[in-house]
Every structure is written in structure tokens, then in C-alpha cells.
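Asker: Chains as they are written, first to last, in the working numbering: chain A, 18 to 423; chain B, 460 to 597. Below is one structure. I have some questions about it.
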Amino acid sequence: MELNLPIYLDNNATTPMDPRVLEAMIPYFTEKFGNAASRNHSFGWVAEEAVDYAREQVAKLINADPKEIIFTSGATEADNLAIKGVYDMYATKGNHIITCTTEHKAVLDTCKHIEKMGGLVTYLDVKEDGLVDLQELEHAITDKTVLITIMYGNNETGVVQPIREISKIAKKHGILFFTDGTQAVGKIPVDVNADGIDLMAFSGHKMYGPKGVGALYVRRKNPRVKVTSQMDGGGHERGMRSGTLNVPAIVGFGKACELCMNEMESEAIRLSAMRDRLENGLMELEETYVNGNREHRLPHTANISFKYVEGEGLMMGFNKNIALSSGSACTSASLEPSYVLKALGLGDDLAHSSLRFGLGRFTTDEQIDFTIDAIKDTVLKLREMSPLWEMFKEGVDINAIEWAHH
Amino acid sequence: MAYSDKVIDHYSNPKNVGTLDKAKTNVGTGLVGAPECGDVMRLQIEVDEESGVIRDAKFKTFGCGSAIASSSLATEWLKGKTVDQALAIDNMAIVEELNLPPVKIHCSVLAEDAIKAAINDYRVKNGLPELVAEKKAH
Numbered sequence: 018m019e020l021n022l023p024i025y026l027d028n029n030a031t032t033p034m035d036p037r038v039l040e041a042m043i044p045y046f047t048e049k050f051g052n053a054a055s056r057n058h059s060f061g062w063v064a065e066e067a068v069d070y071a072r073e074q075v076a077k078l079i080n081a082d083p084k085e086i087i088f089t090s091g092a093t094e095a096d097n098l099a100i101k102g103v104y105d106m107y108a109t110k111g112n113h114i115i116t117c118t119t120e121h122k123a124v125l126d127t128c129k130h131i132e133k134m135g136g137l138v139t140y141l142d143v144k145e146d147g148l149v150d151l152q153e154l155e156h157a158i159t160d161k162t163v164l165i166t167i168m169y170g171n172n173e174t175g176v177v178q179p180i181r182e183i184s185k186i187a188k189k190h191g192i193l194f195f196t197d198g199t200q201a202v203g204k205i206p207v208d209v210n211a212d213g214i215d216l217m218a219f220s221g222h223k224m225y226g227p228k229g230v231g232a233l234y235v236r237r238k239n240p241r242v243k244v245t246s247q248m249d250g251g252g253h254e255r256g257m258r259s260g261t262l263n264v265p266a267i268v269g270f271g272k273a274c275e276l277c278m279n280e281m282e283s284e285a286i287r288l289s290a291m292r293d294r295l296e297n298g299l300m301e302l303e304e305t306y307v308n309g310n311r312e313h314r315l316p317h318t319a320n321i322s323f324k325y326v327e328g329e330g331l332m333m334g335f336n337k338n339i340a341l342s343s344g345s346a347c348t349s350a351s352l353e354p355s356y357v358l359k360a361l362g363l364g365d366d367l368a369h370s371s372l373r374f375g376l377g378r379f380t381t382d383e384q385i386d387f388t389i390d391a392i393k394d395t396v397l398k399l400r401e402m403s404p405l406w407e408m409f410k411e412g413v414d415i416n417a418i419e420w421a422h423h
Numbered sequence: 460m461a462y463s464d465k466v467i468d469h470y471s472n473p474k475n476v477g478t479l480d481k482a483k484t485n486v487g488t489g490l491v492g493a494p495e496c497g498d499v500m501r502l503q504i505e506v507d508e509e510s511g512v513i514r515d516a517k518f519k520t521f522g523c524g525s526a527i528a529s530s531s532l533a534t535e536w537l538k539g540k541t542v543d544q545a546l547a548i549d550n551m552a553i554v555e556e557l558n559l560p561p562v563k564i565h566c567s568v569l570a571e572d573a574i575k576a577a578i579n580d581y582r583v584k585n586g587l588p589e590l591v592a593e594k595k596a597h
């Protein structure tokens, strides 16, 4: 197979849309343009029928009932709706939420908002491998706890949390369990019943569907969960999320879920083999570390630190041909390195030296081999240029130096 | 954010990467920055003791492309200058030459700090008092 450049290895940020998804969507922009809420004419019926079908496709992927799917603008909105919606709805029961420090900002910042409104939030630390400590989780529960929110798979490290164990603890204490499933749904089998999930957020554009559409799963039985609407209006989505439905995007989301349902199993095998090939190739370099638990993780994600080189400088060596992300401060507006990696106990220096690889449906073996070579070359070149590498090679203890922090 | 052509050029073909013998009295070494902050620069000058002219300059940098380019450019500018002339190199000249965006100005400040640190090291080695530089915001 020939090599296609540039290589896209940032599939945890977003995925390209599958052409089959686009094909399904197109009629709903033009001839089938109706409002799914128009009950009195065929244009509305056609749109409503398409949404109903998509709802079934989405529900099937996570073994839910279609009535349990609330369409949103994406996972961020679904995270907000779940956390704020539960906090508001169960205010008489309590005001305490438990989460962890490696959650996505959509969860962490929503929790901060809850604190501003007078709620209490416990942010659990994670272990060095990125997993939540179940004993600590159980200890954090109080009689005011209404919600546990722990993500399914981490966007930076790919670490998959012990969802079934967490949901058992939640159930035992009569607490609702919400999980941000954005990176996991469509990549690994997620079953809301077997996993004991009460609410779950996920998104179209992380699974080869369109941007601007996502869903919140809200359990209807054992227990029947309710969330207070955060968007008021026409009472769409069983009153939990008003706003005219984005029919073409929902149709695309449904199709994307159907494709994942059919292809996820073989895709996961193919991707984890490529991910391992990538890791093994890069680990031939000295002083190279895989971040996060290597057993419990998503098949398409790898996070690797190349000690003594800085992530952004490293990416500059190949970013003409390879697109990926770094945990380095320089790539973010905040100038702070990745809080997720720091939560795993990595020093700032290792966090600055990390790259995140997000493989996807369209990644090829040729691209992986090209990436291994390009990154190895750049790491070696930059280490020749790195004063820290020289000190390491001379046996100087870098931690013993008094650095001038600025 | 796209890099300027000059930054890319210095990154791809860095000038004067290397190490001078720091034990020599006519070599000054400046090591600035911190690994935790994502950039560390080591800049060295070798001074011709008769003329006071910087004969050679070398650097090694751990950091982003702009940090590497700033230090590479600094070594180019240092060569052939007297120590006093070198002291006058201002970080804003590096910013202008490399078209650094505002978030990368700290790279140029670090390069200026590295120059001053190397000169001070040289001065101290040769019995001259250390110069106290005004502190620039990073």
C-alpha cells in the first residue's frame, strides 16, 4: 500500500467522518429538511422517522432503550446536562458529587460550577497507572452524595476505569453513576446494563460521525433517572433538552453508531496491534516511557514520554507530515503541561516530553512505520541538542541542580 | 500557530550546537531555564583574551522550536562581538529577527538571560565583578 501524507494520528481530538455517514446525511440537508417536531405534515414525519431510526441505532450500540437517548449538541453539553441536571433534580437528597482529577474539562469545570452554586465536590486522585482507587472512592461517599462521575476511557492516556466495580459501589449506596463515555463508545464494547451505568455522555465526531451532535443516555428503569433540563423551550427530548433537533447530524450519528456496532470488534484488534507496533518501535529509544496502565486501556491510544526532549520541539520535527498532540505546555494556551499526566504523578519534565497518539479507522501500517522512523530520528537529533541529555549521559543528577524557575 | 520561516530554518539547521570546555578560564557558561518549565538553555562563549572578542559560541537547548531558534540565533550574533557588545543584545531584537509571537517572547528572554549568564561566568572566572542584570518578565 502506498503511504498517504500527512498522517493523522490525533483521532482522540476528532475523527474524520466515514464517507458512509456523509452519504446517509446528505438527503436530510435538502429534500428531507423537515422539522422533526412538525407533527402535521409529511416533511415533519419524514424527519421524525429518521430521528427515531437514528435513536435506535445509537441505543443499540450501548444496549439501551431508544427512549433513554437524549440528543445533544455533543458530549460537553451532555456532561453539563448530566451533572447539573442531577444536582438540580436531586437537591432534596443531597449536594455532594464525587469525580476524579483526570476527567475531561467538560466534567471538571461543570463540577467547579456546582461548587460555586454551593455544592460539594470530591476530586479523587488517581493511582500512578491512572486508575481510580476503589477504596478511596467508597470512603469519599457521604449521606449527601448524589452522583459519582468517572469517565470510561481517558482522552489523553486511554486508561479505562473499572466501570463495573464503580457502578457496584454506587448502587450499593443508592447513588447515581454517570460516566463520560466519549472516547470509549464505538471503540470498545459499552453496555449500559451490564456496566451498571445510570447516565452516559458520548459524541458523534469521536466515532467517525459529524461534529455538533452527541447524546446523553438517561436510565429509565432500575432506577428511573431524571435530570432537570438546562435548556428550556419547546420541550423536545422528553423535556430534558429543548431545541429543534439537528436532523442531518443525528442521522449521521446514528449511522456512525451502526458502523461501530458492526466493525468495532475487528477494528479494535487491528488498532491495538498497530498501537503495540508503534509503542514497541518507539520504546527501542532509551529513556522512553509509556504513560498510564497498559492493560486497561483503549485500543487506539498511546501516550509516550521521551525524556530530555520537549514535546512541542519534538513535534516540530515532523508536523509537516504527522499530526498528533503533546502534553507539553507549549501547545496549550495556559503554558501548563497536561494536568492528566501530572495527576499520574509524572514530573513536569516528563509531562512536557509527552506525545499522544490517537489511531483511527483510516490509519495504516505504512503510516505507523513512517511515524516510528520520523519520531526516532527527531528524538535522536534533539537529544544531541539537549543539555539535559548531555548531563544525563555524564551522570549528572538533573534533579539536584537548582534551576531558576521563571 | 504557524512558525516563521526563520524559526523553521534555525530549528532544521541549528547553528553552533555543541559544547566548549567549561574548565577553561576564557570560556563562560550560562545555564538558564528549568526542565519543569519546558525549556533549558546552555550557552557558552569562548573569549579571545587579548582582544576581548568572542571567538566561538555554542549552545544546547531543551525546548520548543522557538527556544532552539532563539539560542541558535544568539550564538550567531555573539561570534565576533566583544563581551561588552554582547551585553547589549536585547531580547526584543531576537523577537523581531525571528518574528516570534507573544506567547514565545519568553524564549527570547531566556536567550538574553543565557548570554548574560555566560558573560557573568566568564567575568567571575577572570576576577571581574558579576553584573546584576535587570529582571525581565518571563
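Positions of the beta carbon are idealized from the N, C-alpha and C atoms, including for glycine.
#1: Give me, in chain order, the residues of the same chain whose beta-carbon lies closer than 7 Å to that of M278/A; leave out the 5 immediate sequence neighbours on both sides.
#2: Output, in chain order, the set of chain A residues within a Cβ distance shorter than 8 Å of Y462/B.
#3: Could you name the residues of chain A that K517/B contacts, counting a contact when the two beta carbons are closer than 7 Å?
#4: For W420/A and D498/B, what's the separation of their Cα atoms in angstroms?
#5: Can you pull the chain B residues whose beta carbon is under 7 Å from the beta carbon of D366/A, in chain order?
#6: Going by DSSP, what residue range makes up the beta strand (DSSP E) through M333/A?
#7: Among the residues of its own chain, which have a CB less than 8 Å from the CB of I255/A, if the five just before and after it don't count?
#8: Which of the three DSSP states, helix, strand or coil, is assigned to Q384/A?
#9: Could you tell me which residues DSSP pairs with R501/B in its beta bridges?
#10: Residues bridged to A319/A by DSSP?
#11: So with CB distances below 8 Å, who are the chain A contacts of T478/B?
#12: Can the beta-carbon of L295/A be found less than 8 Å from the beta-carbon of I167/A?
#13: Going by beta carbon distance, what residues of the same chain come within less than 6 Å of F60/A, once the five residues before and after it are set aside?
#14: P473/B touches chain A at which residues, Cβ-Cβ below 8 Å?
#15: Provide the residue(s) that pair with H156/A in DSSP beta bridges, ordered along the chain.
#16: Could you check how far apart the C-beta atoms of L361/A and G328/A are, in whole angstroms? I think they sit under 8 Å.
#17: Just mark L590/B as buried or exposed, buried being the case when its beta carbon has 16 or more other beta carbons within 10 Å.
#18: Taking the straight line between their C-alpha atoms, what separation do you get for T348/A and E48/A?
#19: Just to confirm my understanding: we take D249/A, look at its own chain, exclude 5 residues before and 5 after, and list those with CB closer than 8 Å. What are they?
#20: Hey, does W420/A have any beta-carbon neighbour from chain B nearer than 8 Å?
#21: Classify D464/B as buried or exposed, calling it buried when 16 or more other Cβ atoms lie within 10 Å of its own Cβ.
#22: Do L445/A and V163/A have their C-beta atoms closer together than 8 Å?
#23: Taking 8 Å as the threshold (C-beta atoms), are L405/A and Y325/A in contact?
#24: List, in order along the chain, the chain A residues whose C-beta lies closer than 7 Å to that of V499/B?
#25: On the three-state DSSP scale, how would you describe A30/A?
#26: Enumerated in chain order, which unbroken segments of the alpha helix (DSSP H) with a length of 4 residues or greater are wholly contained in the segment 67-110 of chain A?
#27: Less than 8 Å between the C-beta atoms of L363/A and E173/A, yes or no?
#28: Excluding five sequence neighbours on each side, which residues of the same chain lie with their C-beta closer than 7 Å to the C-beta of F379/A?
#29: Taking the alpha-carbon positions, what's the H121/A to V542/B distance?
#30: Shortest alpha-carbon distance to E19/A belongs to which of E401/A, T381/A and M408/A?
#31: Cβ of G489/B less than 8 Å from any chain E Cβ?
Answerer: Well, looking at it:
#1: Translated into positions along the first sequence, residue 278/A becomes position 261. Once the five neighbours on either side are set aside, the close Cβ partners of M278/A are K77 and L78.
#2: Here residue 462/B refers to the residue found at position 3 of the second sequence. Going along chain A in sequence order, the residues near Y462/B (Cβ under 8 Å) are M333.
#3: Translated into the one-based positions of the second sequence, residue 517/B becomes position 58. Within chain A, no residue comes near K517/B; the closest Cβ sits about 11 Å away, beyond 7 Å.
#4: Taking the first residue of the first sequence as position 1, residue 420/A is located at position 403. Taking the first residue of the second sequence as position 1, residue 498/B is located at position 39. Using only the alpha carbons, I get a separation of about 11 Å.
#5: In the first sequence, the residue the question calls residue 366/A occupies position 349. Within chain B, the residues near D366/A are P494 and E495.
#6: Within the first sequence, numbered from 1, the residue matching residue 333/A stands at position 316. M333/A -> not in any beta strand (DSSP E); alpha helix (DSSP H) instead, spanning G328 to M333.
#7: Counting from 1 along the first sequence, the entry for residue 255/A is found at position 238. Just to set this straight, residue 255/A is Arg in the shown sequence, not Ile. Taken in chain order, the residues that qualify are K84 and I87.
#8: For the purposes of this step, residue 384/A is identified with residue 367 of the first sequence, where counting begins at 1. Note: Q384/A maps to helix in three-state DSSP.
#9: Within the second sequence, the letter at position 42 stands for residue 501/B. In the DSSP output, where bridge partners are listed per residue, R501/B has L490/B and K519/B.
#10: Locating residue 319/A in the first sequence gives position 302, counting from the first residue. DSSP, once it has assigned bridges, lists F374/A as partnering A319/A.
#11: Locating residue 478/B in the second sequence gives position 19, counting from the first residue. Here the neighbours are E407.
#12: Taking the first sequence and counting its residues from 1, one reaches residue 295/A at position 278. Taking the first sequence and counting its residues from 1, one reaches residue 167/A at position 150. Not closer than 8 Å, so no.
#13: In the first sequence, the residue the question calls residue 60/A occupies position 43. So the qualifying residues of the chain are G51.
#14: Here residue 473/B refers to the residue found at position 14 when the second sequence is read from its first residue. Residues of chain A passing the Cβ test: M402.
#15: Stepping through the first sequence from its first residue, residue 156/A is reached at position 139. None, per the DSSP bridge assignment.
#16: In the first sequence, the residue the question calls residue 361/A occupies position 344. In the first sequence, the residue the question calls residue 328/A occupies position 311. The Cβ separation is near 16 Å, so there is no contact.
#17: As a first step, residue 590/B is located in the second sequence; it is residue number 131 there, counting from the start. It is exposed - the Cβ of L590/B has fewer than 16 other Cβ atoms within 10 Å.
#18: Within the first sequence, numbered from 1, the residue matching residue 348/A stands at position 331. Within the first sequence, numbered from 1, the residue matching residue 48/A stands at position 31. Here T348/A scores only 48 on pLDDT, less than 50, and its place in the model should not be relied on; the value that follows carries that caveat. So the alpha carbons of these two residues sit roughly 43 Å apart.
#19: Along the first sequence, one-based indexing puts residue 249/A at 232. Excluding sequence neighbours, D249/A sits near S259.
#20: Your numbering for residue 420/A matches position 403 in the first sequence. So, interface residue.
#21: For the purposes of this step, residue 464/B is identified with residue 5 of the second sequence, where counting begins at 1. D464/B comes out exposed.
#22: Lying before the first or after the last residue shown, residue 445/A is absent from chain A, which here runs from 18 to 423.
#23: Counting from one through the first sequence, the residue named residue 325/A turns up at place 308. Counting from one through the first sequence, the residue named residue 405/A turns up at place 388. Result yes, Cβ atoms of Y325/A and L405/A sit closer than 8 Å.
#24: Along the second sequence, read from residue 1 onward, the residue named residue 499/B stands at position 40. Those are P404 and L405, listed as they occur along chain A.
#25: Taking the first residue of the first sequence as 1, we reach residue 30/A at position 13. It is coil, neither helix nor strand.
#26: 92-106
#27: Counted from its first residue, the first sequence places residue 363/A at position 346. Counted from its first residue, the first sequence places residue 173/A at position 156. Taking 8 Å as the Cβ cut-off, L363/A and E173/A do not qualify as a contacting pair.
#28: Along the first sequence, one-based indexing puts residue 379/A at 362. Cβ within range, chain order: P33.
#29: Counting from one through the first sequence, the residue named residue 121/A turns up at place 104. Counting from one through the second sequence, the residue named residue 542/B turns up at place 83. So the alpha carbons of these two residues sit roughly 51 Å apart.
#30: To locate residue 19/A, count along the first sequence from 1; it is residue 2. Of the listed residues, the one whose Cα sits closest to E19/A is T381/A.
#31: Although the question refers to chain E, the structure presented lacks it and instead comprises the protein chains A and B.
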